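Each remark here refers to the structure printed beneath this line.
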Amino acid sequence: MTRTEPVPGAVVGPRLQDAVGPYFGEFGGRFVPEALVAALEELDAAWASARHDPDFVRELDELQRTYTGRPSPVTEARRFGAEAGGATVLLKREDLNHTGSHKINNVLGQALLTRRMGKTRVIAETGAGQHGVATATAAALMGLECVVYMGEKDTERQALNVARMRLLGAEVVPVRTGSRTLKDAINDAMRDWVANVDTTHYLLGTVAGPHPFPTLVRDLHRVIGVEAREQVLAGWGRLPDVVAACVGGGSNAIGIFHAFLDDPQVELLGLEAGGDGVDTGRHASSITGGAPGVLHGARSFLLQDEDGQTIDSHSISAGLDYPGVGPEHAWLHATGRARYEPVTDADAMAAFALLCRTEGIIPAIETAHALAGALREGRRLGPDGIVLVNLSGRGDKDVATAAQWFDL
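Listed below in structure tokens is the structure:
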């Protein structure tokens, strides 16, 4: 796939897209037990080799076309846009991918890497279950043993995805420690990896964790932005004014942001989970309400108390209910290249309902945070504005939560 030539006004010189880690400014790095260093070095070398291997690239591209269903289309949401100040609202339809979200882009690449490294078992963590379902799917496709760690609270609110993972042959391990959410699932996955590193690859689902995961996962998701940039230029004749995406760990946001990093006329907007409101303390807005620290092997923004201890997050969205964020997002915030703003549970659910009624699309609740941001931006820009939203997942898994919220 080729990248469209830069439009006038694009940056000349060192490009933001070329930042590869392990550090993004002061963020990123590798803060892990010694037992994992060799595995991370092996993964780093495997990815450096594979990404330039024509056979690997060809196999991944074919899977993305014939199995995932790429390229995903861009849909203009006209009736939704009318509620957003008359702006043009465009949806990048990652919800139409096989397994129903952007997560499949990353897991197919990492599953191929697992096989390339000669390992036979993958483990994963999941919050909303979309990454777990995608991992179980790739493992089934490639004959890998699969274990998925999931907070017990999340197994209850995402029961449909638990059943899907088990149907696909994965073992789902409910994690009953801590807040019983995504943070605790990652802790247990890390412990499993330390104990079984010789045969097991930790198929991390977001752009967090120690190097090389933030860059590896980003590289496997950058196809979202590359496609979207070309599709918007071809269909609407110019780049969007704003690219909006929800941010928990931040994989779908980095995926669509990355192709626009060196287009300074395009504003990048990450929408964090504001829960009951950042001022209430019950939220998951790691950048808006957090501070730099170390979590799960990398330095980034995270929610912490006065003693620097990580505190529990809260969101109606299981996929955004995480007290940290990927280090590249922390860097984009620190450099001012991207804005990060909170969206409350109430505003996200209002946007969720509005897209259902106006476009016949049930989005994931994670994605509804980005839609709430699009409403704000559209009303700011007016009828001449173009807002591109990464519709990162479909909402089948969230129907029970929505029915309870709306008392249906």
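Per UniProt numbering, residue 1 is the first one in the sequence shown, and the count goes up by one each step.
Note that beta-carbon positions come from the ideal geometry of N, C-alpha and C, so glycine has one too.
Nothing here was measured: the structure is a model prediction, and the numbers come from that model.
Runs of the beta strand (DSSP E) lying entirely within the stretch 46-113, each at least 3 residues long, are 74-76, 88-93 in chain order. In this structure, DSSP gives A234 a helical state, which the three-state scheme calls helix. Under the criterion of beta carbons closer than 8 Å, E152 and R176 qualify as touching, at roughly 5 Å. By the criterion of at least three beta-carbon pairs nearer than 8 Å, the stretch 370-383 is in contact with the stretch 231-251. Contiguous alpha helix (DSSP H) elements confined to the stretch 234-304 occur at 251-257, taking only those with 4 or more residues.
Sixteen is the threshold: since fewer than 16 other Cβ atoms of the shown chains lie within 10 Å of the Cβ of T199, the residue is exposed.
Taking all protein chains in view, the Cβ of S313 is crowded by 16 or more other Cβ atoms within 10 Å, so the residue is classified as buried. No Cβ-Cβ contact shorter than 8 Å links F352 with I361. Looking from the CA of S251, the closest CA among E328, G395, V232 belongs to E328. For the set G118, A170, L113, M150, the Cα lying nearest the Cα of T137 is the one of A170. Here V57 is exposed, its C-beta having fewer than 16 other C-beta atoms within 10 Å.
I186 and P73 have their alpha carbons spaced roughly 32 Å apart. Three or more Cβ pairs closer than 8 Å define a contact, and the stretch 14-31 meets that threshold against the stretch 322-341. Put simply, of D53, I254, H283 the residue whose alpha carbon is nearest the alpha carbon of N106 is I254. Counting along the chain, H333 sits inside the alpha helix (DSSP H) bounded by residues 327-335. DSSP places L391 inside the beta strand (DSSP E), whose first and last residues are 386-391. With respect to R166, V133 sits apart: the two C-beta atoms are not nearer than 8 Å. When beta bridges are read from the DSSP output, H201 appears opposite V122. Looking at the DSSP output, A338 bridges to L268.
If you check the CB distance, F257 and G225 come in under 8 Å. A residue is called buried once 16 or more other Cβ atoms fall within 10 Å of its Cβ, and D407, having fewer, is exposed. Within the same chain, and ignoring the five residues on either side of Q64 in sequence, the residues whose Cβ sits closer than 8 Å to its Cβ are R70, N105, L108, V223.
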